[in-house]
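Visitor: If you scroll down you'll find the structure; I have some questions about it.
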Amino acid sequence: MSAQAPPRPEPLAPFADVTRSDAAVRAFLHGLPGVDQVGAEARVAVLGSRSIKTTAKAWAIDTAISMVDLTTLEGADTPGKVRSLAAKARRPDPGDPTTPPVAAVCVYGDLASVAKQALEGTAIKVAAVATAFPSGRASRAVKLADVRDAVAGGADEIDMVIDRGAFLAGRHLDVYDEIVAVKEACGDAHLKVILETGELVTLDAVRRASWLAMLAGGDFIKTSTGKVSPAATLPVCLVMMEAVRDFRAVTGRQVGVKPAGGIRTTKDAVKHLVLVNEVAGPDWLSPDWFRFGASSLLNDLLLQRQKLRTGHYSGPDHVTID
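Residue numbering for the sequence shown follows our numbering, starting at 4 and increasing by one per position.
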């Protein structure tokens with residue numbers, strides 16, 4: 004016998020009728036303003052050309068470090084690798100104690116307890132991917148069990164993947180109901196909803212998926228699993244930042260954004276910070292509301308930070324190879 008679906012939460016006041024039926028939610032999502040692809044690309048090109056120097060650059064680097072979800076999501080991951088990553092998260096540059104710690108360590112759910120123990124006594128969060136990451140191809144019962152297992156292991160945050168097949172087929176209410184069920188299974192853990200934007204194809208679909216995830220109670224919307232190309236792109240991030248800005252203006256509820264996959268350099272990170280500030284505003288320039296899902300980005304940020312501090316670049320052995 005299948006488990007009974009949890010009752011739907013009361014919708015946010017401005018959207019009381021939106022989720023009453025598949026037809027209603029589809030009409031709402033397709034009634035959102037369309038995205039001008041050319042205009043979006045032009046805007047991010049202008050914002051990406053902004054130059055940041057000296058003091059502002061030092062602030063941007065430290066801010067970006069504090070926003071990193073330091074990630075390992077490989078089939079060959081081991082408890083030892085997770086403990087090593089946790090040590091780096093706590094003290095990214097052992098030679099410079101002024102370097103801020105990262106926001107979170109992101110691992111598979113079965114390793115959440117290892118990360119939790121290794122990060123004990125810090126404010127660094129444990130994020131765990133769940134819901135049959137990265138494909139999302141499993142029954143809802145299995146997905147919810149995956150979430151509960153990760154939370155029981157100590158995960159502070161759950162990164163779930165939506166059913167892209169259902170979304171692209173127009174079964175928006177199925178996607179909504181699944182996010183609601185996952186949110187309930189999270190308990191006190193925050194929920195990041197991965198849209199896998201590389202499979203959504205259009206920026207219009209990204210906007211619709213963003214709103215659907217926020218309506219269902221997601222605490223963050225996240226671009227990608229990092230397993231599909233393209234992953235995080237500036238036009239996609241622009242659309243998602245516009246979505247969280249507009250959602251807060253209507254509902255009063257703030258939702259975070261996490262670009263993940265393909266962000267490897269300090270230059271990439273700074274472009275995203277400029278975008279966040281210009282599109283959504285400074286309220287999102289905090290690890291509480293913006294994260295980078297990354298593995299190699301931290302090393303480049305550390306090298307650039309030392310360059311600002313000492314005037315020269317360190318060799319590649321200055322940072323650990325993750």
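Heads up, the beta-carbon is just placed ideally off N, CA and C, and yes, glycines get one too.
Report back the beta-carbon spacing between Leu194 and Thr226 to the nearest angstrom; my notes put them in contact at under 8 Å.
Guide: Contact flag wrong, Cβ pair sits at about 15 Å.
Visitor: As a quick exercise: from Gly201, Arg94, Thr125, pick the residue whose alpha carbon is nearest that of Leu305.
Guide: Ranking the options by Cα distance to Leu305, first place goes to Arg94.
Visitor: For His175 and Ser289, I'd like the C-alpha separation in whole angstroms.
Guide: Looking at the two C-alpha atoms, the distance is approximately 31 Å.
Visitor: Give the DSSP-derived three-state secondary structure of Ala107 in the structure shown.
Guide: In the structure shown, Ala107 sits in a strand (DSSP, three-state: E or B).
Visitor: Can you tell me which of the three DSSP states Asp99 falls into?
Guide: In the structure shown, Asp99 sits in coil (DSSP, three-state: anything other than H, G, I, E or B).
Visitor: Drop a sphere of 10 angstroms on the beta-carbon of Trp214, count the other beta-carbons inside from all chains shown, and report buried for 16 or more, exposed for fewer.
Guide: Looking at its Cβ environment, which holds 16 or more other Cβ atoms inside 10 Å, Trp214 is buried.
Visitor: Note down, in chain order, each residue of its chain lying with its Cβ closer than 8 Å to the Cβ of Ser5, except the 5 sequence neighbours on either side.
Guide: With a pLDDT of 46 at Ser5, under the threshold of 50, the modelled position of that residue is not reliable, and the figure given next carries that caveat. Once the five neighbours on either side are set aside, the close Cβ partners of Ser5 are Ala144.
Visitor: Checking 8 Å against the spacing of the C-beta atoms, do Leu76 and Ala92 come in under that value?
Guide: Their beta carbons are not under 8 Å apart, which means Leu76 does not touch Ala92 by this criterion.
Visitor: If we count the other Cβ atoms within 10 Å of its Cβ and call it buried at 16 or more, is Gly314 buried or exposed?
Guide: With fewer than 16 other Cβ atoms within 10 Å, it is exposed.
Visitor: Helix, strand or coil: which one does DSSP assign to Gly229?
Guide: Gly229: coil per DSSP, three-state reduction.
Visitor: Name the residue from Asp96, Ala45, Ser52 whose alpha carbon lies nearest to the alpha carbon of Lys274.
Guide: If we check each option's Cα against that of Lys274, Ser52 comes out closest.
Visitor: Gly83 to Lys128, Cα distance in whole Å?
Guide: Taking the straight line joining both Cα atoms gives about 18 Å.
Visitor: Quick check: the Cα distance between Thr254 and Pro17, rounded to an integer number of angstroms?
Guide: Their Cα atoms are separated by approximately 7 Å.
Visitor: Return the residue from the list Ala19, Leu301, Arg211, Asp222 that minimises the CA-CA distance to Val185.
Guide: Closest option to Val185, Cα to Cα, is Asp222.
Visitor: Can you list, in chain order, the residues of its chain whose CB lies under 8 Å from that of Met244, leaving out five sequence neighbours each side?
Guide: Cβ within range, chain order: Val260, Leu278, Val279, Val282, Ala283, Trp287.
Visitor: Go ahead and label Thr125 buried or exposed: buried means 16 or more other beta carbons lie within 10 angstroms of its beta carbon, across all protein chains shown.
Guide: Answer is exposed; the Cβ neighbour count stays below 16.
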